[in-house]
Each structure stands twice: as C-alpha cells, then as structure tokens.
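Student:
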Amino acid sequence: MKPLAWMDEALCAQADPEAWFPDGSGQHARTALRICAECPVRTECGEYAQVIEDAVDGRRHGAWGGLSASARSRQTPATAERDRQILALTAQGFTAAEIGDRLGTTGRTVVRVRTAHRRTEAAA
8 MKPLAWMDEA
18 LCAQADPEAW
28 FPDGSGQHAR
38 TALRICAECP
48 VRTECGEYAQ
58 VIEDAVDGRR
68 HGAWGGLSAS
78 ARSRQTPATA
88 ERDRQILALT
98 AQGFTAAEIG
108 DRLGTTGRTV
118 VRVRTAHRRT
128 EAAA
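Under my numbering, the letters of the sequence shown match residues 8 to 131, in that order.
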C-alpha cells in the first residue's frame, strides 16, 4: 500500500500495530482509541477507513479514526456530520433541546452524542 501524505503524521505509526486490530480483549481497543483521540489526522484516517472497507466488502475491522469497528459500522457520512454539528453547537452553549430543534433530531440523540464524545475524550 502506498502511504498517503497524512499517514506520516499518524500516531499509530509509532505504536504496536496489534493494538488496532484487537483479538477480542478490550484492552487493545482501549489502548488504540486513547492514542487515536490525540492523533492530528484522526479525521483523515476515519475517512480512509470507510473508503477502503466499503471498497472491499463493507465489513469493519479494527480501530480507525478514533472509532472501533462497531462504532464505524453505525457511522454514516450523514450521522458523522450531524454529530460534528451537535458538538459545535454544544461548544457554543446551546441546550440539547435547542440543538435537537435546529437539527431536526431529538434531545436524547444530542445527549447520546455528547456522552459518547466525553467518553472518547476521557479515554485519551
């Protein structure tokens, strides 16, 4: 595989590659996701993972872009954009109800996205 320019900045390149493809024990996945949370190219990595996984067979495996395989399987471009908007509006001080109204989603979804984001940040 020919490396892409952003790969030079990837923190995973400096760590044990086995951590990104866990054998079922949760420890490897947690280690990988902590490193991913600090990575400056997490977005590019996640986009790349989606492209190559969709091109092969659509199955998700390993940690890419700060997400586990199961989290990526639930993520679509539309939900990723919605989640980015939720976090941006949260940073601006909007309530869950206000964000839900603006984006046409429920306050419960806003809270779920915020909680998942806090967990990702805490794992870092």
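Every residue gets a Cβ at the ideal spot worked out from N, C-alpha and C, and that includes glycine.
#1: Mapping the DSSP letters down to three states, classify leucine 110 as helix, strand or coil.
#2: Kindly indicate the opening and closing residues of the alpha helix (DSSP H) around serine 77.
#3: Expressed to the nearest angstrom, what Euclidean distance is found between the alpha-carbon atoms of valine 117 and arginine 126?
#4: Around the C-beta of arginine 66, are 16 or more other C-beta atoms found within 10 angstroms, so that it is buried, or is it exposed?
#5: For tryptophan 71, which residues of its own chain have a beta-carbon under 7 Å away from its beta-carbon, when the five flanking residues on both sides are left out?
#6: How should arginine 91 be labelled, buried or exposed, when 16 other C-beta atoms within 10 angstroms of its C-beta is the threshold for buried?
#7: Enumerate in chain order the residues of its own chain whose CB-to-CB distance from leucine 96 is below 6 Å, with the five nearest sequence positions on each side excluded.
#8: Determine the burial state of isoleucine 42: buried for a count of at least 16 other Cβ atoms within 10 Å of its Cβ, exposed for fewer.
#9: Given that a residue counts as buried once 16 or more other Cβ atoms are within 10 Å of its Cβ, and exposed if not, what is glycine 111?
Tutor: Per the coordinate set shown:
#1: helix
#2: 76–81
#3: 14 Å
#4: So arginine 66 counts as exposed.
#5: Within the same chain, and ignoring the five residues on either side of tryptophan 71 in sequence, the residues whose Cβ sits closer than 7 Å to its Cβ are Cys52, Gly53, Ala56, Arg79.
#6: exposed
#7: Ile106
#8: Note on isoleucine 42: 16 or more other CB atoms within 10 angstroms of its CB, so buried under the neighbour-count rule.
#9: exposed
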